[in-house]
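**Q** Protein chains in written order, with our numbering: chain A, 55 to 725; chain B, 242 to 800.
1) Near residue 673 (chain A), what residues of its chain come up, given a Cβ to Cβ distance below 8 Å and the 5 sequence neighbours on each side ignored?
2) Is the beta carbon of residue 73 (chain A) closer than 8 Å to that of residue 81 (chain A)?
3) Run through the segment 116-172 of chain A for me and flag every whole alpha helix (DSSP H) of 4 or more residues, listed as ranges in chain order.
4) Any beta-carbon of chain B closer than 8 Å to the one on residue 625 (chain A)?
5) Quick check: the Cα distance between residue 478 (chain A) and residue 511 (chain A), rounded to an integer number of angstroms?
6) Which partner residues of residue 580 (chain A) appear in the DSSP bridge assignment?
7) In angstroms with no decimal places, state the Cα-to-Cα distance between residue 719 (chain A) and residue 662 (chain B).
8) Could you give the distance in angstroms between the alpha-carbon of residue 708 (chain B) and the alpha-carbon of residue 762 (chain B)?
9) Using DSSP's beta-bridge definition, name the partner residues of residue 395 (chain B).
10) Please state the DSSP three-state secondary structure of residue 346 (chain B).
11) Where does the unbroken beta strand (DSSP E) through residue 307 (chain B) begin, and where does it stop?
12) What are the residues in the segment 382-398 of chain A lying within 8 Å of chain B by C-beta distance?
13) Between residue 288 (chain B) and residue 312 (chain B), is the Cβ-Cβ spacing less than 8 Å?
14) If you follow the beta strand (DSSP E) that residue 409 (chain B) is in, where does it begin and where does it stop?
15) In the DSSP output, which residue or residues are listed as bridge partners for residue 538 (chain A)?
16) Quick check: residue 140 (chain A) and residue 693 (chain B), are their CB atoms within less than 8 Å of each other?
17) Which residues in chain B sit within 7 Å of residue 168 (chain A), going by Cβ to Cβ distance?
18) For residue 404 (chain B), I'd like the list of residues in its chain whose CB is within less than 7 Å of its CB, leaving aside the five on either flank, ordered along the chain.
19) Buried or exposed: residue 530 (chain A), going by 16 or more other Cβ atoms within 10 Å of its Cβ?
20) Quick one: complete beta strand (DSSP E) runs, 3+ long, within the segment 497-528 of chain B?
21) Can you name the start and end residues of the beta strand (DSSP E) that residue 529 (chain A) belongs to?
22) Can you find a CB in chain B that lies within less than 8 Å of the CB of residue 214 (chain A)?
23) Using a Cβ distance threshold of 8 Å, determine whether the segment 244-256 of chain A contacts the segment 532-545 of chain A, with at least three qualifying pairs required.
24) Locate the beta strand (DSSP E) running through residue 706 (chain B), then write down its first and last residues.
25) So is residue 53 (chain A) buried or exposed if we call it buried at 16+ other beta carbons inside 10 Å?
26) Could you tell me whether any Cβ in chain A is nearer than 8 Å to the Cβ of residue 804 (chain B)?
27) Would you say residue 266 (chain B) lies against chain A (beta-carbon separation less than 8 Å)?
28) What separation, rounded to the nearest whole angstrom, lies between the Cα atoms of residue 749 (chain B) and residue 626 (chain B)?
29) Of the choices B:610, B:567, B:543, whose alpha-carbon is the least far from that of residue 599 (chain B)?
30) Just the Cα atoms here: how many angstroms apart are residue 367 (chain B) and residue 58 (chain A)?
31) Please tell me whether residue 513 (chain A) and residue 488 (chain A) are closer than 8 Å, where the distance is taken between their beta carbons.
32) According to DSSP, is residue 249 (chain B) part of a helix, a strand, or is it coil?
33) Along the chain, where does the beta strand (DSSP E) that runs through residue 712 (chain A) open and close?
34) Starting from the beta carbon of residue 460 (chain B), find every residue of chain A whose beta carbon is closer than 9 Å, and list them in chain order.
35) Against chain C, which members of the segment 144-159 of chain A pass a CB distance test of less than 7 Å?
36) Anything in the segment 236-266 of chain A with a Cβ closer than 7 Å to a Cβ of chain B? List those residues in chain order, please.
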């Protein structure tokens with residue numbers, strides 16, 4: 055019996071699958087997502103795959119169930135309990151404005167209205183000592199409200215709980231006993247870090263999506279097992295690791311951004327495979343454009359993110375979304391041509407989708423210029439309307455006094471330059487020069503626009519991975535079990551007691567080991583990575599510095615100064631430094647096959663035809679290739695179009711391309 | 242592909258328009274990335290702009306709205322003093338003179354001319370708030386009466402000439418700041434930002450050529466100007482006026498009047514501040530340059546607020562302020578708290594324009610930064626501490642929405658309040674209460690936002706300074722909406738009588754003292770009688786309005 059490792063990436067429109075057997079041979083699948091009950095789509099996709107459900111040895115998936123519940127505000131009604139006197143810090147949301155010229159500004163809508171925020175009398179001092187004990191009578195009031203109104207979820211955030219969890223834990227015990235079946239989340243479980251508003255916002259998000267995520271995981275498990283799949287279900291974490299569904303039920307917030315993370319982990323694998331340590335990954339779909347950075351072979355992690363203006367303290371792979379991709383609409387303002395930020399989205403979508411869109415988009419321009427064929431999408435299952443595109447383009451070209459061709463090229467030139475501008479700004483913020491990076495393009499529209507983005511950024515090398523349209527699902531199979539723990543460790547660097555620090559690290563490691571044991575990771579596959587959040591006194595934000603258990607404080611400080619120099623352009627080695635948090639990543643390595651691409655002889659030539667395209671205002675003939683038919687590592691010249699089921703790659707004149715040892719298309723600028 | 246030529250002009254123009262904005266973003270990222278002071282990299286108290294060879298804006302990015310368009314004016318003022326040939330390749334010029342740059346001395350403007358093939362093609366400019374530039378007090382004095390008390394004052398000065406540092410100047414700067422190393426670090430962060438702008442503008446010129454960039458720039462400016470003229474022409478012609486006052490100037494007790502007259506004539510708009518107070522002994526004065534910036538911010542709030550600023554914007558706007566007034570101050574007027582007058586000017590502009598633009602304006606907001614600062618020795622660490630807190634308050638309602646509760650004031654930009662947990666860790670005081678001040682927003686069909694209450698208890702002896710404004714003219718309502726409540730500050734010593742005051746410099750207080758600051762609410766919009774009873778019930782449930790006010794003002798009873 056063949057054993058398969060299978061991943062599923064449940065997106066807004068499609069659920070993508072990757073099936074990998076013991077030899078590393080890979081197949082992909084794509085089915086429509088079934089939003090009412092996403093497990094239906096998963097079952098459909100598995101049934102259509104090469105394996106029987108009994109042959110699936112490992113299953114991991116990324117889910118947007120929690121995220122969608124949030125975006126559509128379908129989460130559970132949640133009560134928030136905060137320390138008496140300061141509970142409004144949640145509603146005040148730090149008094150911050152995100153728009154500078156907006157008189158009629160509205161703060162982001164909070165998930166819990168003020169009426170559902172309850173004050174509990176209790177108070178800890180800054181050092182965790184008790185000023186006022188927990189008033190359990192106040193909890194009785196909450197119990198009565200929850201019972202009377204049938205409220206399914208409670209979030210608790212007490213002041214200084216990151217230093218002393220006892221009040222939060224006692225409140226959970228009292229409430230849990232009185233209110234079986236009600237989901238209770240503690241801020242100190244989500245993040246043991248200071249800043250009460252950010253912690254409250256995070257714990258509310260956790261409580262809000264908990265019942266929805268739990269129901270989904272329960273349904274998926276029961277449907278899969280009745281179909282014959284009895285292996286553990288793994289879920290992708292926002293941090294780039296995987297976890298079992300049991301852990302996911304306890305930490306629903308960590309599933310929130312699990313969708314796009316697979317692409318980042320896929321890029322890390324490409325770095326390992328190809329030896330190219332610095333990658334700029336672009337995931338370009340119909341309506342979104344996500345950027346991933348791999349620096350020195352490592353993904354970029356943040357300890358904090360935000361959704362619709364609501365902050366979340368959690369470990370997350372940093373994937374900035376920039377621009378709007380293929381759906382961006384071209385329009386006229388004051389006689390000038392603009393592209394975006396308005397997007398046609400997937401409904402009505404670009405004019406060529408034939409769903410009522412009448413304004414020209416980036417996708418329409420690609421179709422008009424022949425980079426995209428009318429049967430290029432979804433392996434020909436979706437046919438594009440070239441007439442609708444031509445009408446939409448003509449509508450705009452006339453008033454601008456341009457030919458249709460000039461306009462179509464202009465739309466692409468503007469949108470590519472704009473995306474490149476945004477990418478450059480992100481690299482400048484991180485102190486990185488994009489010119490030394492290799493561009494990795496995936497998602498349905500990435501490979502089509504990769505060469506021009508690279509040109510704008512002065513990047514000379516591009517990788518198009520195998521199955522670019524399902525790359526995120528492929529990346530999920532490259533991930534390990536991972537769980538992150540943090541504890542506040544607020545101490546001046548010159549006052550750190552090494553014994554106390556070691557004890558804290560050991561306590562973290564014990565937590566990590568316990569979790570990995572629950573995940574059935576054998577001891578010899580466990581690794582633990584420690585890091586410390588440090589900063590110069592006076593700063594608010596920190597840098598995470600990896601260290602070993604045996605590291606001397608002086609070495610950690612030295613690494614901090616170096617990291618600061620790299621990230622901010624200067625270090626102040628004379629200034630006092632403080633520790634803020636200690637972190638531990640508990641990693642359980644998952645066994646998997648990884649071998650080079652098997653070039654198999656094909657009966658046909660890879661060139662399947664020629665097509666008229668327009669590039670730099672010149673009509674030219676481009677050779678059209680079928681990616682599945684390449685049998686060796688021959689180098690080809692652009693202009694060329696490479697077709698495959700999930701994407702179309704465009705190689706301009708002046709560039710060469712060939713397959714590398716792993717089956718990726720490597721595009722290089724001619725010297 | 243290297244030899245690629247972008248076809249027609251609308252495309253090149255749009256690519257360059259986006260690129261100019263992006264260069265400014267990159268400059269800003271470079272400044273924030275390399276700044277030494279948290280005021281810049283966390284508080285974003287800075288601004289950058291890429292300018293053309295005449296000092297007109299190509300692209301800008303800012304954290305403080307009040308700096309709008311000001312960098313352009315600083316370059317033009319420098320050229321007026323010394324001629325355009327003063328700017329040579331490799332120069333770095335800085336200035337902070339309040340009477341030239343407009344704001345307080347802590348805001349330092351850095352100008353770097355950009356040359357390409359031997360020709361001056363533009364300027365990379367930035368402004369950042371330096372932590373300390375000398376002066377009698379650390380941080381801003383509440384009670385300064387002459388600019389000489391506020392720090393070093395520099396006219397445009399080359400700190401690099403022809404690429405070479407002028408070490409005497411750098412040394413002087415370092416010696417005259419309480420945080421000299423940070424000052425030099427921040428100066429170099431600004432220079433790094435300028436170099437980013439320089440490299441990218443030169444790369445654009447290499448790719449597109451000088452003539453194409455000039456032509457595209459003219460198109461971009463023309464598009465912006467056309468949109469702005471259309472928007473101003475849509476406002477009914479006429480003279481619109483408003484007046485108000487600051488409580489006092491911080492040194493005296495007399496109110497400080499501000500009088501504004503706005504003339505709309507076709508597609509032009511003129512602001513005249515004739516009748517406003519003569520420059521004061523206290524520090525609510527500013528240079529005329531900054532008055533122009535504040536007028537631009539006020540204008541921008543109503544005219545195409547979503548569009549970027551460039552050399553085509555603000556051509557329709559004229560500003561006049563009498564010499565030796567608070568808006569056109571001359572030596573030796575003190576300027577530390579210049580933004581209180583400008584915040585009022587902006588609110589008055591909105592009030593004046595309300596009859597003409599009823600759907601774009603909002604009623605007044607709580608008005609000022611409402612600053613409390615603490616300093617002293619922390620017994621826990623035996624070290625000196627200083628914390629300066631601005632306080633949020635209520636914003637004004639508008640023709641279709643309630644004002645926001647507890648939001649930072651207009652001129653303050655990217656502020657975030659200090660979390661209670663961080664405050665208590667770092668400073669020897671506790672925060673007993675932090676909450677929304679119910680009933681403080683003005684009543685109306687749409688109600689004003691509520692102000693904020695923050696209550697501190699000292700656990701050490703400390704000195705406190707206060708700058709709370711707008712008690713004489715709390716946030717007014719519009720179209721029949723009522724005014725919000727004004728600010729209040731109460732000081733309760735452990736063994737004495739409660740004291741109420743709004744401004745004070747370095748007042749010594751004992752451990753155990755409780756200080757309660759309450760900021761004002763925003764003004765309401767429309768008569769309260771027209772408020773939807775459902776909205777009142779919602780406010781009752783959320784405790785934004787008390788049952789007593791719900792009944793008395795809106796006639797809604799708790800059921």
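Yeah, the Cβ is synthetic: ideal placement off N, Cα and C, and Gly gets one too.
**A** This is what the structure gives:
1) Result list for residue 673 (chain A): 666, 667, in chain order.
2) For residue 81 (chain A) and residue 73 (chain A), yes; Cβs fall inside 8 Å.
3) Correct list: 119-125, 143-146.
4) For residue 625 (chain A), the answer is no, since every Cβ of chain B falls outside 8 Å of its Cβ.
5) In a straight line, the C-alpha of residue 478 (chain A) is about 7 Å away from that of residue 511 (chain A).
6) Paired residues: A:642.
7) Roughly 52 Å separates the two Cα atoms.
8) Each residue's Cα considered, the two are about 17 Å apart.
9) For residue 395 (chain B), which the question treats as bridged, DSSP gives no partner whatsoever.
10) Three-state result, residue 346 (chain B): coil.
11) Element bounds for residue 307 (chain B): n/a, residue is neither H nor E.
12) Residues of the segment 382-398 of chain A whose Cβ lies closer than 8 Å to any Cβ of chain B, in chain order: 387, 388, 389, 390, 391, 392, 393.
13) In terms of Cβ geometry, residue 288 (chain B) and residue 312 (chain B) form a close pair [threshold 8 Å].
14) Residue 409 (chain B) -> not in any beta strand (DSSP E); alpha helix (DSSP H) instead, spanning 408-416.
15) Its beta-bridge partners are A:639.
16) Contact: no.
17) For residue 168 (chain A), the chain B residues whose Cβ falls inside 7 Å of its Cβ are 783, 784, in order along the chain.
18) Taking C-beta separations shorter than 7 Å and ignoring five residues to either side along the sequence, the partners of residue 404 (chain B) in its chain run 331, following chain order.
19) By the Cβ neighbour-count rule, residue 530 (chain A) is buried, with 16 or more other Cβ atoms within 10 Å of its own.
20) Inside the segment 497-528 of chain B, DSSP marks whole beta strand (DSSP E) runs of 3 or more residues at positions 497-506, 509-513, from first to last along the chain.
21) Element bounds for residue 529 (chain A): not the beta strand (DSSP E) but the alpha helix (DSSP H), 525-530.
22) Taking Cβ atoms only, chain B reaches closer than 8 Å to residue 214 (chain A), which makes this a yes.
23) These segments touch.
24) Annotation for residue 706 (chain B): the continuous beta strand (DSSP E) segment containing it runs 703-708.
25) Chain A is shown only over 55 to 725; residue 53 (chain A) falls outside these bounds and no answer can be derived.
26) Outside the shown range of chain B, which is 242 to 800, sits residue 804 (chain B), and nothing can be said about it.
27) Interface residue, yes.
28) The alpha-carbon atoms of residue 749 (chain B) and residue 626 (chain B) are separated by roughly 14 Å.
29) Out of B:610, B:567, B:543, B:543 has the C-alpha closest to the C-alpha of residue 599 (chain B).
30) Roughly 58 Å between the two C-alpha positions.
31) Closer than 8 Å, so yes.
32) Bear in mind that a pLDDT of 38 at residue 249 (chain B), under 50, signals an unreliable position, so the model cannot answer this.
33) Unbroken beta strand (DSSP E) run through residue 712 (chain A): 709-713.
34) What residue 460 (chain B) touches in chain A: 389, 390.
35) Included in the structure are the protein chains A and B, with no chain C among them.
36) Correct list: 248, 249, 250, 251.
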